[in-house]
Amino acid sequence: MIERIRINTRSRVECHELTREVREKVKASGTTNGLCYLFVPHTTAAVTLNEHADPSVMKDISRQLGKLVPEHNDYSHAEGNADAHIKASLMGSSAVVFIEGGELVLGTWQGVFFCEFDGPRSRTVILKIAGDSA
Amino acid sequence: MIERIRINTRSRVECHELTREVREKVKASGTTNGLCYLFVPHTTAAVTLNEHADPSVMKDISRQLGKLVPEHNDYSHAEGNADAHIKASLMGSSAVVFIEGGELVLGTWQGVFFCEFDGPRSRTVILKIAGDSA
Amino acid sequence: MIERIRINTRSRVECHELTREVREKVKASGTTNGLCYLFVPHTTAAVTLNEHADPSVMKDISRQLGKLVPEHNDYSHAEGNADAHIKASLMGSSAVVFIEGGELVLGTWQGVFFCEFDGPRSRTVILKIAGDSA
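Protein chains in written order, with the numbering used here: chain A, 1 to 134; chain B, 135 to 268; chain C, 269 to 402.
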């Protein structure tokens, strides 16, 4: 019931669209109606839903987060990635998408994005697909 | 199992309480114990839980978000609503409320709010009410 | 199916780790595979997942939130805790963790944290542990 999507990020900060991979996992599960949970088992990355049509939207999100939470600041955490931890909690470690008629219930412009805040790294997003009980 | 609540927002930025509508959908579903998921299929709006007793709380949230993410900035997204996309991801596209004894499990001061960041528009919040499996 | 964890916070702003308590509740439930939902029935507190190994990470998160949302500002809400309400919505009132083989599915560095923004107070986190339907 638990599926994994592997992602190799290439920059310190980037947003990586996962909509196609999530859709394929849901199709492969054979679930008609239910829920798809996405969970990020990392503390310097997140998952969010936002516009997939214009890639500049996710770039604006990353840039504004970088203004609100600068990489270099008077942080206590000594590993140099305190900003990434803070951004991860602001954006959130999980997301949920409904499944109806075997399809993800997403708005026209909505896509699922993995947000890397401390790359490049090998990352995993864990999915749990739960069909409605009869 | 999927229900929809329609909202017509009247301003560019506003918070619209949905607690009563959500409660009515849960009652109508006849679910005694379970979960109620709320999902916003838009990329410039969000859902959040916060205080319903004093409307100034949601106004303070909207205003502070407006300070953190100004409407006019050096955004790449050319449609003039990049700020609304950023706020949507900061606040989140989904929420969950428990159902116990046929009632929403909410704190005394908690209400469910739809957050419009790029109105006025016709909007939808999708609900999934899932009863506990026996 | 609904469990409660009681927390007595000691400062106005603090992060309180709950991983051990959540793990114990999951063990006690006897759930092999499923989901553990955490819900905060308060409007000036939140729940988040982040690093538990170095306590300075959660301190950095609290401090940066304090910079983004100052305690004293031109807020409308007259109770002096508008900042706490705003932080609560930025961080979120719920979290979900998967359960697999009777264990919480958490990354190596991940812990579950209750975030107090208007303490000291007596607080509750509500858990719902849902086993997969057969």
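Glycine included, every Cβ here is placed at the ideal spot set by N, Cα and C.
Fair warning: this is a prediction, and the values are worked out from it, not measured in the lab.
Short Cβ contact (8 Å threshold) for Val-315 of chain C with Val-393 of chain C:
Here residue 315 of chain C is taken as the residue at index 47 of the third sequence, counted from 1. Here residue 393 of chain C is taken as the residue at index 125 of the third sequence, counted from 1. Against a cut-off of 8 Å, the Cβ pair of Val-393 of chain C and Val-315 of chain C comes out as a contact.
From Ile-354 of chain C to Val-337 of chain C, what distance separates their C-alpha atoms?
If you number the third sequence from 1, residue 354 of chain C lands on position 86. If you number the third sequence from 1, residue 337 of chain C lands on position 69. About 7 Å.
For Ala-313 of chain C, which residues does DSSP report across the bridge?
Translated into the one-based positions of the third sequence, residue 313 of chain C becomes position 45. In DSSP, Ala-313 of chain C forms a bridge with C:Glu-384.
On the criterion of 16 or more Cβ atoms from any shown chain inside 10 Å, does Pro-55 of chain A qualify as buried, or is it exposed?
Looking up residue 55 of chain A in the first sequence gives position 55. Pro-55 of chain A is exposed by the Cβ-count criterion.
From Arg-389 of chain C to Glu-282 of chain C, what distance separates their C-alpha atoms?
Looking up residue 389 of chain C in the third sequence gives position 121. Looking up residue 282 of chain C in the third sequence gives position 14. About 11 Å.
In whole angstroms, give me the CA-to-CA distance for Ala-88 of chain A and Val-97 of chain A.
Here residue 88 of chain A is taken as the residue at index 88 of the first sequence, counted from 1. Here residue 97 of chain A is taken as the residue at index 97 of the first sequence, counted from 1. Each residue's Cα considered, the two are about 19 Å apart.
On the DSSP bridge list, what partners appear for Leu-286 of chain C?
Numbered from its first residue, the third sequence carries residue 286 of chain C at position 18. Answer is none; Leu-286 of chain C lacks a bridge partner.
Quick check on this structure: which residue in C:Met-359, C:Ser-297, C:His-320 and C:Glu-339 has the alpha carbon closest to the alpha carbon of Thr-287 of chain C?
The sequence position of residue 287 of chain C within the third sequence is 19, counting from 1. That would be C:His-320, whose Cα lies nearest to the Cα of Thr-287 of chain C.
Out of A:Ile-2, A:Thr-43, A:Cys-36 and A:Asn-50, point me to the one whose CA is closest to Gly-379 of chain C's CA.
Stepping through the third sequence from its first residue, residue 379 of chain C is reached at position 111. Nearest option by C-alpha distance: A:Thr-43.
Would you list the one or two residues that DSSP bridges to Leu-68 of chain A?
Position 68 of the first sequence holds residue 68 of chain A. Per DSSP, none; premise fails for Leu-68 of chain A.
Please compile the residues from chain C whose C-beta is within a distance smaller than 9 Å of the C-beta of Ser-190 of chain B.
Against the second sequence, residue 190 of chain B aligns to sequence position 56. Taking the beta carbon of Ser-190 of chain B as reference, the chain C residues within 9 Å of it are Tyr-343, Ser-344, His-345, Ala-346 and Ala-350, listed in sequence order.
Cβ shell of Ile-2 of chain A (< 8 Å), same chain only, five flanking positions each side left out:
Counted from its first residue, the first sequence places residue 2 of chain A at position 2. Cβ neighbours of Ile-2 of chain A beyond the five flanking positions: Ile-126, Leu-127 and Lys-128.
Within-8 Å CB hit, Leu-286 of chain C to chain B:
As a working mapping, residue 286 of chain C is identified with position 18 in the third sequence. Among the CB atoms of chain B, none fall inside 8 Å of the CB of Leu-286 of chain C.
Excluding the five sequence neighbours on either side, which residues of its own chain have a C-beta within less than 8 Å of the C-beta of Arg-4 of chain A, listed in chain order?
Walking along the first sequence from the start, residue 4 of chain A turns up at place 4. The beta carbon of Arg-4 of chain A sits closer than 8 Å to those of Thr-124, Val-125, Ile-126 and Leu-127, all from its chain and outside the five residues before and after it, given in chain order.
Three-state class that DSSP yields for Arg-331 of chain C in the structure shown
The residue labelled residue 331 of chain C in the question sits at position 63 within the third sequence. In this structure, Arg-331 of chain C counts as helix in the three-state DSSP scheme.
So, is the C-beta of Ala-222 of chain B closer than 8 Å to a C-beta in chain A?
One-based indexing of the second sequence puts residue 222 of chain B at position 88. Look at Ala-222 of chain B: its C-beta is under 8 Å from a C-beta on chain A.
Could you work out which residues of chain A lie near Ala-363 of chain C, taking near to mean beta carbons separated by less than 9 Å?
Taking the first residue of the third sequence as 1, we reach residue 363 of chain C at position 95. Think of a sphere of 9 Å around the beta carbon of Ala-363 of chain C: the chain A residues whose beta carbon falls inside it are Gly-92, Ser-93 and Ser-94, in chain order.
Can you find the residues in the same chain that come closer than 6 Å, C-beta to C-beta, to Arg-23 of chain A, ignoring five residues on each side of it along the sequence?
For the purposes of this step, residue 23 of chain A is taken as the residue at position 23 of the first sequence. Correct list, in chain order: Leu-104.
Give the residues of chain A in contact with Gly-375 of chain C, contact being defined as C-beta atoms less than 7 Å apart.
Looking up residue 375 of chain C in the third sequence gives position 107. Ordered by position in chain A, the residues that pass the 7 Å Cβ test against Gly-375 of chain C are Pro-41, His-42 and Thr-43.
For His-340 of chain C, count neighbouring Cβ atoms within 10 angstroms of its own Cβ and tell me buried if that reaches 16, exposed if not.
Taking the first residue of the third sequence as 1, we reach residue 340 of chain C at position 72. Its Cβ having fewer than 16 others within 10 Å, His-340 of chain C is exposed.
Three-state secondary structure assigned by DSSP to Ser-11 of chain A
If you number the first sequence from 1, residue 11 of chain A lands on position 11. In the structure shown, Ser-11 of chain A sits in coil (DSSP, three-state: anything other than H, G, I, E or B).
With distances taken Cα to Cα, identify the nearest neighbour of Cys-249 of chain B among B:Val-160, B:Lys-161, B:Leu-183 and B:Ser-163.
Residue 249 of chain B sits at position 115 when you count from the first residue of the second sequence. Closest by C-alpha distance to Cys-249 of chain B, out of B:Val-160, B:Lys-161, B:Leu-183 and B:Ser-163, is B:Leu-183.
Using a cut-off of 7 Å between C-beta atoms, extract the partners of Ser-267 of chain B located in chain A.
Mapped onto the second sequence, residue 267 of chain B falls at position 133. Going along chain A in sequence order, the residues near Ser-267 of chain B (Cβ under 7 Å) are Ser-133.
Under the three-state reduction of DSSP, which class applies to Val-393 of chain C: helix, strand or coil?
Taking the third sequence and counting its residues from 1, the one referred to as residue 393 of chain C is at position 125. DSSP places Val-393 of chain C within a strand segment (E or B) once states are collapsed to three.
Coil, strand or helix - Ser-76 of chain A by DSSP:
Residue mapping note: residue 76 of chain A aligns to position 76 of the first sequence, counting from 1. Ser-76 of chain A falls in the coil class under three-state DSSP.
Asp-118 of chain A and Ala-84 of chain A look like a contact to me (Cβ under 8 Å); what is the Cβ gap, rounded to whole Å?
For the purposes of this step, residue 118 of chain A is taken as the residue at position 118 of the first sequence. For the purposes of this step, residue 84 of chain A is taken as the residue at position 84 of the first sequence. Here Asp-118 of chain A really is in contact with Ala-84 of chain A; their C-beta atoms are around 4 Å apart, less than 8 Å.
Starting from Ala-356 of chain C, trace the alpha helix (DSSP H) in both directions and tell me its first and last residue.
Here residue 356 of chain C refers to the residue found at position 88 of the third sequence. First-last of the alpha helix (DSSP H) with Ala-356 of chain C: 350-359.
Alpha carbons only, please: which of B:Ser-267, B:Thr-242, B:Gly-200 and B:Ile-141 is nearest the one belonging to Met-225 of chain B?
One-based indexing of the second sequence puts residue 225 of chain B at position 91. It is B:Gly-200 whose Cα lies nearest to the Cα of Met-225 of chain B.
Grouping DSSP H, G and I as helix and E and B as strand, with all else coil, what is Ser-267 of chain B?
By 1-based counting over the second sequence, the position of residue 267 of chain B is 133. Ser-267 of chain B falls in the coil class under three-state DSSP.
Please check if any C-beta of chain F sits within less than 8 Å of the C-beta of Val-147 of chain B.
Here chain F cannot be found, since the structure's protein chains are A, B and C.
Residue from C:Phe-307, C:Thr-299, C:Glu-289 and C:Trp-377 with nearest C-alpha to Gly-369 of chain C:
Counting from 1 along the third sequence, the entry for residue 369 of chain C is found at position 101. The option with the nearest alpha carbon to Gly-369 of chain C is C:Thr-299.
Please report whether the beta-carbon of Phe-232 of chain B lies at a distance below 8 Å from any beta-carbon of chain C.
Here residue 232 of chain B refers to the residue found at position 98 of the second sequence. So yes, Phe-232 of chain B belongs to the interface.
Using a Cβ cut-off of 8 Å (strictly closer), state whether His-219 of chain B contacts chain A.
Residue 219 of chain B sits at position 85 when you count from the first residue of the second sequence. So yes, His-219 of chain B belongs to the interface.
Run through DSSP, which three-state label would Val-365 of chain C get?
As a working note, residue 365 of chain C is residue 97 in the third sequence. Val-365 of chain C: strand per DSSP, three-state reduction.
Close-in-space but distant-in-sequence residues of the same chain around Trp-377 of chain C (CB under 6 Å, 5 per side omitted)
Reading the third sequence from its first residue, position 109 is the one you call residue 377 of chain C. Non-local beta-carbon contacts of Trp-377 of chain C in its own chain, meaning distances under 6 Å to residues more than five positions away in sequence, involve Glu-319 and Ala-321 in chain order.
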